[in-house]
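If you're matching them up, the sequences are chains A and B in order.
Using our numbering, you'd call the opening residue of the first sequence number 1 and step up by one each time.
Using our numbering, you'd call the opening residue of the second sequence number 1001 and step up by one each time.
Protein chains: 2
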Amino acid sequence: MTRLQTVARTVFFISDRTGITSETLGHSLLTQFENIEFNLVRLPYLDTPEKARKLVRLIEDAHAHEGQRPIVFSTLLDDEIRVIVSRSQALMLDFFDTFIGPLEQELGVESTHKVGRSHGVGDFAIYNARIEAVNYALAHDDGVSTQHYGAADIILLGVSRSGKTPTCLYLALQFGVRAANYPLTEEDLDRDALPSVLIPYKKKLFGLLIDARRLQQIREQRRPNSRYASPQQCRDEVRRIQQMFRSERMPFIDTTNRSIEEIATTVMAETGIQRQHF
Amino acid sequence: MTRLQTVARTVFFISDRTGITSETLGHSLLTQFENIEFNLVRLPYLDTPEKARKLVRLIEDAHAHEGQRPIVFSTLLDDEIRVIVSRSQALMLDFFDTFIGPLEQELGVESTHKVGRSHGVGDFAIYNARIEAVNYALAHDDGVSTQHYGAADIILLGVSRSGKTPTCLYLALQFGVRAANYPLTEEDLDRDALPSVLIPYKKKLFGLLIDARRLQQIREQRRPNSRYASPQQCRDEVRRIQQMFRSERMPFIDTTNRSIEEIATTVMAETGIQRQHF
């Protein structure tokens, strides 16, 4: 494939701490410029003036090499470090610098300017709750155990490979939500009724649907040329599970074109489940 | 405990899509105002003018009830929706609106203004790689299988309850990194040498250390009054694993006061492992 060769523009994501906020921010913005090639550089834990001066040299090198100034997305709380970086030639878009002023004015107080509160350990009890949610998801993955369904915030149902496991883990890690999942097997679908173990928890059930062709594609990668991955089998399971979701009047969503983040946040929005921690 | 009762100020996190960006942003900023109480409301998938007008009514109600105007953190790409919300009385801090202009000017092109690229499914191959990383982490959790260590990006070592499992899952879900973990047992520590199964992968090993008192606290919650949770046992394991990390010249970090995000991003920064997807 031939294409017009242009020099990619270097973009730095920098932060005093994890860099998660500046990457999230910066990436959201860059996706709005589809036809431009970027060279992404992540520099978390930029927490000393020495590191800041080293970054300035990287910025100068990239500028000289590419003939266009780099872009810096940053969340820097330390004034000294921010001043060093802002004296470089880069276009610097600093998230704190931009929004903290209007917020201080609105709230009538000064900010604490403490580094790294947003992804830190925070309260020990909240931290534990999150780890417990992960342990819960692992213990109740794929119907392994149905013993503590009473403690679940939600129980996801779907055919094998419809996205249940990653969604449960994401709900636990990101939001501290206790999510179990139950794989509906062929026998369950043959009976055309909810497995009896699920009946007491009907209000917690949420279905994940998936397009049969996409399902087939995913299963084929996993077990090539198997009955499990055959078009007929996938179509059949999808058709029957959709029937069950409808006849049981369960809420469900189609996961086919949704990312894990989208599935998880949609499930939360539709059920009203709240995140348990930030 | 008595404290001055003030009315909490309502803060809305709104978005066309998942709301992850506006929550991350807004939360980072709010943590800088420790003594102010906020009433947090999340409204993802705010994607119709009707929903926007409903939000405006919520803003007006909160304003009237609390006597101070709400704060809105938003990432709205749809102009019509943004205009409706911006006409409310809230202090609106819109992330796209603020930064997209300077970026368009710098890059010399208009942004595509497409909704929800940042947490969407994106490229199918990349999506699969991420799911495969989650499956890998699950299959190689807690030394369950050491069969495919050759495919690991990293192998975490640590005593039981030092944070290995959540860190591996976070690395997989958030960054598409293949992370295995191996629990060093008492017998491993008694031998004071790396288990032979790990020796071929020495360059991939990374140690997680934890403070003995914190370890004891965590284990006590899990198995109260057990030998496993006794102060003596925890001190002993921690001391010996630290010895092993040192004698094997392995990189390691202390997880005691670090969140999962901090452990994961520090491991990546120290080893130079790159994220496999955004």
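Each residue gets a CB set at the ideal place from its N, CA and C atoms; glycine is no exception.
Treat the numbers as computed from the prediction; the structure is a model and nothing was measured.
Bridge partners - residue i, DSSP secondary structure assignment
i               : result
T10 (chain A)   : A:N39
V1072 (chain B) : B:F1012 and B:M1092
I1155 (chain B) : B:A1180 and B:L1205
CB contact flag (residue i, residue j, <9 Å)
i               : j               : result
L1194 (chain B) : M1268 (chain B) : no
L30 (chain A)   : V11 (chain A)   : yes
L1208 (chain B) : G1158 (chain B) : yes
Q221 (chain A)  : N1128 (chain B) : yes
P1102 (chain B) : L93 (chain A)   : yes
I1081 (chain B) : D1016 (chain B) : yes
R69 (chain A)   : Y136 (chain A)  : no
Q276 (chain A)  : I126 (chain A)  : yes
L1107 (chain B) : F124 (chain A)  : no
M250 (chain A)  : L205 (chain A)  : yes
V1109 (chain B) : I36 (chain A)   : yes
R219 (chain A)  : S160 (chain A)  : yes
P1200 (chain B) : Y1149 (chain B) : yes
N181 (chain A)  : D141 (chain A)  : yes
F38 (chain A)   : R9 (chain A)    : yes
K202 (chain A)  : E248 (chain A)  : yes
L355 (chain A)  : L1138 (chain B) : No statement about residue 355 (chain A) is possible, as the shown extent of chain A runs from 1 to 278 and does not include it.
Start-to-end residues for the beta strand (DSSP E) that takes in residue i
i               : result
D142 (chain A)  : No beta strand (DSSP E) holds D142 (chain A); DSSP gives it neither H nor E.
D1254 (chain B) : F1252 to D1254
Bounding residues of the alpha helix (DSSP H) (the contiguous stretch that carries residue i)
i               : result
I1273 (chain B) : Unbroken run through I1273 (chain B): none, as it is neither H nor E.
G1026 (chain B) : I1020 to L1030
P231 (chain A)  : P231 to S247
F33 (chain A)   : First-last for F33 (chain A): undefined, no H or E at that position.
L1171 (chain B) : K1164 to F1175
A1284 (chain B) : With chain B running from 1001 to 1278 in the structure shown, residue 1284 (chain B) is simply not present.
H148 (chain A)  : Segment: none, H148 (chain A) is in no alpha helix (DSSP H) and carries neither H nor E.
R1191 (chain B) : E1186 to R1191
N85 (chain A)   : The sequence as given places Val at residue 85 (chain A); Asn does not occur at that position. From DSSP, the alpha helix (DSSP H) with V85 (chain A) extends over D79 to S86.
R17 (chain A)   : Note, R17 (chain A): premise wrong, no alpha helix (DSSP H); not H, not E.
P49 (chain A)   : P49 to E66
Cβ of residue i within 9 Å of any chain D Cβ
i             : result
F12 (chain A) : Reference to chain D is not applicable here, since the protein chains of this structure are A and B.
Integer Cβ distance of residue i from residue j, believed to fall under 8 Å
i               : j               : result
D153 (chain A)  : I241 (chain A)  : With a Cβ gap of about 22 Å, D153 (chain A) and I241 (chain A) do not count as contacting.
I1014 (chain B) : V1072 (chain B) : 6 Å
T1279 (chain B) : S1162 (chain B) : Residue 1279 (chain B) is absent from the model: chain B starts at 1001 and stops at 1278.
I1100 (chain B) : S1111 (chain B) : 5 Å
T98 (chain A)   : T1098 (chain B) : 6 Å
- Item | Cβ contact check for the segment 44-57 of chain A and the segment 71-82 of chain A: 3 or more pairs under 8 Å | Enough Cβ pairs lie closer than 8 Å, so yes.
- Message: I'd like to know if the segment 253-269 of chain A and the segment 228-235 of chain A are in contact, where contact means that at least 3 CB-CB pairs between them fall below 8 Å.
- Response: Cβ pair count under 8 Å is below three, so no.
- Query: Are at least three pairs of beta-carbons, each pair with one atom in the segment 160-177 of chain A and one in the segment 1161-1178 of chain B, less than 8 Å apart?
  - Reply: Yes: at least three Cβ pairs fall under 8 Å.
- Spell out a yes or no on whether the segment 1182-1192 of chain B and the segment 1210-1222 of chain B are touching, meaning 3 or more CB-CB pairs, one atom from each, closer than 8 Å. No, the segment 1182-1192 of chain B does not touch the segment 1210-1222 of chain B.
- Item | Any 3 or more C-beta pairs closer than 8 Å across the segment 20-33 of chain A and the segment 1018-1029 of chain B | Cβ pair count under 8 Å is three or more, so yes.
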